[in-house]
Amino acid sequence: LHVYLFSLAGLLYILSISWPSFMGMWVCMEAANLIILAGFFTSAVFVNRYSGLLGLILVSGVSSGLLFTGFMSDSYSWFFLISLFLKLGMFPFVSWVLVTLVNSPWGVFYMISSVSKISLIYFSGYLSSLDSSAIYLSFLLSFLLLSNILLCGLVNLKMFLALSGVSTGSILIIFLSSLGVGTSLLFLGVYMCYSLVFIGCLSWINVGLLNTNKVILTVFSVLGVPFSFGILYKLLGSYYIVCFSTPIVAIWAFYSCIEFIYLAVLIFEKSSVIEVW
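The opening residue of the sequence shown carries number 10 in my numbering; numbering runs sequentially from there.
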C-alpha cells in the first residue's frame, strides 16, 4: 500500500512543476506532502515515528504558509526564500530538518530528502530574479555546519544520508538561481539514483554479520572509482559548482572530501557490528 501512496506522491510532485498556475502547483505539492505522512504508520519502524511525524508536519506547514505568502506578494519575497531554506534544511533550519529525517521510516526519508525536491524546479525563474547574496550566505553557513557535524562524529549511516540530503538541497537551490532548470534536473536525477541505491544497500546488507561480498558490492556501488553513483554524483556537482565563487567551491571540496572518508569508514565499521541502521 505504501508503495502505491509514495508513487502517487511522486507523480504529484512531477505534476506540480508542469502546472501553469502557482495555485495548482501549490495544491499538488501539499497533497503530495499529506500523502507522505501515511508512511509513518508502517507496521514496524525502528525510529521515534511521532517525533518525525511532528517535525514533518511543522516543517511542511510553516514552510508552505511562508511560501504561499511570499509568492503571492512581492512585498514578502523574503518569506519565499525562508520557506525554501526551511524545506531544504538550509541554515538556520539544519537541525530541525535533520531531526525529522533521522526519525522517519526509510520510505518517508527518501521521499522527503530526494523526491520532494522535484517541486523546487518550478521556482527556477523566480529564484534567478532575486538577489543571490542571501542564498549564497545560507549555502556557506549550511555547509560549515554540516562539515562540523561530520568532524564531530556520526552515530549511524542514516544521519550521514540525512546530511547528504541537506547538502544536495543547498546545492540545488544555487543551481536553480544561477544555472537554470536543465542542470538542476540532471543533478537532482543523479542524486535520486544515488540515494535510492544507498538506501537499498543499507537494507540489503545482513546487519550483524560481516559478509565480505555484500560489503564490497555496497562500497563499489556507492563509492567505487570510476564507476559508481556516488562518484558520478560528486563529479557532476563538482563540474557545475566550479562556475561559482571561490568560497563556495572551497567549502564544497572540503565537505566532499570528509564526507567520502567518513562514508568509507562507516560502511566497513557498521557492517561488522549488530546495530540497526
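C-beta atoms are modelled at their ideal positions from N, C-alpha and C, and glycine is treated no differently. It should be emphasised that the depicted structure is a prediction, and the values quoted were computed from it without experimental measurement.
**Study point:** Residue interval of the alpha helix (DSSP H) (run including N157)
**Key:** 142 to 161
Review point. Which of the three DSSP states, helix, strand or coil, is assigned to T109?
Key: helix
Practice item. State the Cα-Cα distance for the pair Y119 and T255, rounded to the nearest angstrom. Key: 31 Å
Point to revise | Residues near S265 in its chain [Cβ-Cβ closer than 6 Å; skip 5 each side] | key: K243
Review point. Are at least three pairs of beta-carbons, each pair with one atom in the region 134 to 143 and one in the region 177 to 193, less than 8 Å apart?
Key: yes
Review point. Do the CB positions of V124 and M34 come within less than 8 Å of each other?
Key: no
Practice item. Please work out which residues of its chain come closer than 6 Å, Cβ to Cβ, to V216, disregarding the five sequence neighbours upstream and downstream, and give them in chain order. Key: Model confidence at V216 stands at a pLDDT of 49, short of 50, so the residue's coordinates are unreliable; what they give is reported in the following sentence. Excluding residues within five positions, none has a Cβ falling inside 6 Å.
Point to revise | Whole-angstrom C-beta distance between I121 and I23, which should lie under 8 Å | key: Rounded, the Cβ-Cβ distance is 16 Å, inconsistent with contact.
Check your understanding: What is the C-beta distance between S156 and F263, in whole angstroms, given that I count them as a contact (C-beta under 8 Å)?
Key -> 6 Å
Check your understanding: When you compare only the Cα positions, how much space is there between F15 and F88?
Key -> 29 Å
Review point. Which parts of the region 172 to 220 are runs of the alpha helix (DSSP H), unbroken and 4 residues or longer, counting only runs that do not cross its ends?
Key: 190 to 213
Point to revise | Which listed residue (T51, F50, K96, Y85) has its alpha carbon closest to that of V71 | key: K96
**Study point:** Top-ranked residue by Cα proximity to V274, from F94, L166, Y249
**Key:** L166
Check your understanding: alpha helix (DSSP H) containing N42: first to last residue?
Key -> 31 to 45
Review point. Over what stretch of residues does the alpha helix (DSSP H) that includes F15 continue unbroken?
Key: 11 to 27
**Study point:** Spatial neighbours of N57 in its chain, beta-carbon cut-off 6 Å, leaving aside the 5 residues before and after
**Key:** N112
Check your understanding: Which residue comes first and which comes last in the alpha helix (DSSP H) that contains G98?
Key -> No alpha helix (DSSP H) holds G98; DSSP gives it neither H nor E.
Practice item. Please report how far the alpha carbon of L160 lies from the alpha carbon of W28, in whole angstroms. Key: 42 Å
Practice item. Spatial neighbours of G116 within its chain, please: CB distance less than 7 Å, with the 5 preceding and 5 following residues excluded, ordered by chain position. Key: H11, F15, G48
Point to revise | Exposure of L20, with buried meaning 16 or more beta-carbon neighbours within 10 Å | key: exposed
**Study point:** Of the residues V190, I257, L211, the one placed nearest S176, counting alpha carbons only
**Key:** I257
Review point. How about Y249 and T192: do their beta carbons lie closer than 8 Å?
Key: yes
Check your understanding: Taking Cβ positions, are L146 and I260 nearer each other than 8 Å?
Key -> no
Practice item. Just the C-alpha distance for A41 and L195, rounded to the nearest angstrom, thanks. Key: 22 Å
Check your understanding: Alpha carbon to alpha carbon, how far is T51 from Y59?
Key -> 12 Å
Review point. Roughly how many whole angstroms lie between the Cα atoms of L110 and Y131?
Key: 24 Å
Practice item. Within the same chain, show all residues whose beta-carbon is closer than 7 Å to that of I158, passing over the 5 residues directly before and after it, in chain order. Key: L172
**Study point:** Sequence-distant residues of the same chain with beta carbon closer than 6 Å to S137, five excluded per side
**Key:** S186
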